[in-house]
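Trainee: Handing you a structure now.
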């Protein structure tokens, strides 16, 4: 059972797919282990791509993790001896993850969260905006655009090698989709309403 400790804080690692979010979370966890700190790592049960019992990065690095179905389950696996709580793929958790993370930090724990800040549509993903607002430290990582090689901040969903439409569900379970990192210019979402902007001629829009 957890109790109140000294003041804690929240660190959020975000970015597109293939930007190294899980790798950075694993790096921070390993540093804490080296410092002989007590660690508790969590992931959503829906994320079973590589392992059900570990956080695994795209390059193969991993750390043992507990898969949970709801953010409230975190409290069942920590105690006063826990120093660091790490949560991967946080965008897939229920909205209560914001309150849970806040409570953990207020209770004196160092909380590291990693997740996609945008969904495949290029829109804010689940609880990420609120987590970014509350975190003391936000690290935004970029991948490399698979089309032009520019810094990539977005995730392109492909179905049968074609861009997925805007009306596709945000979360697909057991589908045959694939993903690529894309820059702003090469990110495609058929059916998404275009934002019309006026020429930047120095004038004032009325």
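In full-length UniProt numbering, the protein residues as written are 1 to 206.
Each residue gets a CB set at the ideal place from its N, CA and C atoms; glycine is no exception.
Could you check if residue 11 is buried or exposed, using at least 16 other CB atoms within 10 Å of its CB as the buried criterion?
Mentor: Label assigned to residue 11: buried.
Trainee: Output the distance between the C-alpha atoms of residue 146 and residue 185, rounded to the nearest integer angstrom.
Mentor: C-alpha separation (whole angstroms): 12 Å.
Trainee: Can you check the stretch 20 to 60 for any beta strand (DSSP E) of at least 3 residues that lies completely inside it and give the ranges in chain order?
Mentor: Fully enclosed beta strand (DSSP E) runs of 3 or longer: 39 to 44, 54 to 56.
Trainee: Nearest-angstrom Cα distance between residue 29 and residue 35?
Mentor: Approximately 10 Å, taken between the alpha carbons.
Trainee: Keeping to the same chain, check which residues put their C-beta closer than 7 Å to that of residue 81; ignore five residues upstream and five downstream.
Mentor: Contacts found: 38.
Trainee: Since residue 99 is in the alpha helix (DSSP H), which residue starts that stretch and which ends it?
Mentor: 97 to 106 is the span of the alpha helix (DSSP H), which, as asked, contains residue 99.
Trainee: May I have a chain-ordered list of the alpha helix (DSSP H) segments no shorter than 4 residues that lie completely inside the stretch 120 to 145?
Mentor: Those alpha helix (DSSP H) runs which fall completely within the stretch 120 to 145 and span 4+ residues are 128 to 134.
Trainee: Relative to the C-alpha of residue 134, which residue among 161, 155, 142, 97 is closest?
Mentor: Comparing Cα-Cα distances from residue 134 to each of 161, 155, 142, 97, the minimum goes to 97.
Trainee: Determine the closest residue to residue 108 out of 58, 118, 95, 84, with distance taken between C-alpha atoms.
Mentor: It is 84.
Trainee: If I follow the unbroken beta strand (DSSP E) through residue 74, where does it start and stop?
Mentor: Segment: none, residue 74 is in no beta strand (DSSP E) and carries neither H nor E.
Trainee: Closer than 7 Å by C-beta to residue 192: which residues in its own chain qualify, once you throw out the five before and the five after it? Chain order, please.
Mentor: The answer, listed in chain order, is 121, 166.
Trainee: Since residue 15 is in the beta strand (DSSP E), which residue starts that stretch and which ends it?
Mentor: Start and end: 9 to 15.
Trainee: Under the assumption that residue 66 contacts residue 41 (Cβ atoms under 8 Å), give the Cβ distance between them as a whole number of angstroms.
Mentor: With a Cβ gap of about 7 Å, residue 66 and residue 41 count as contacting.
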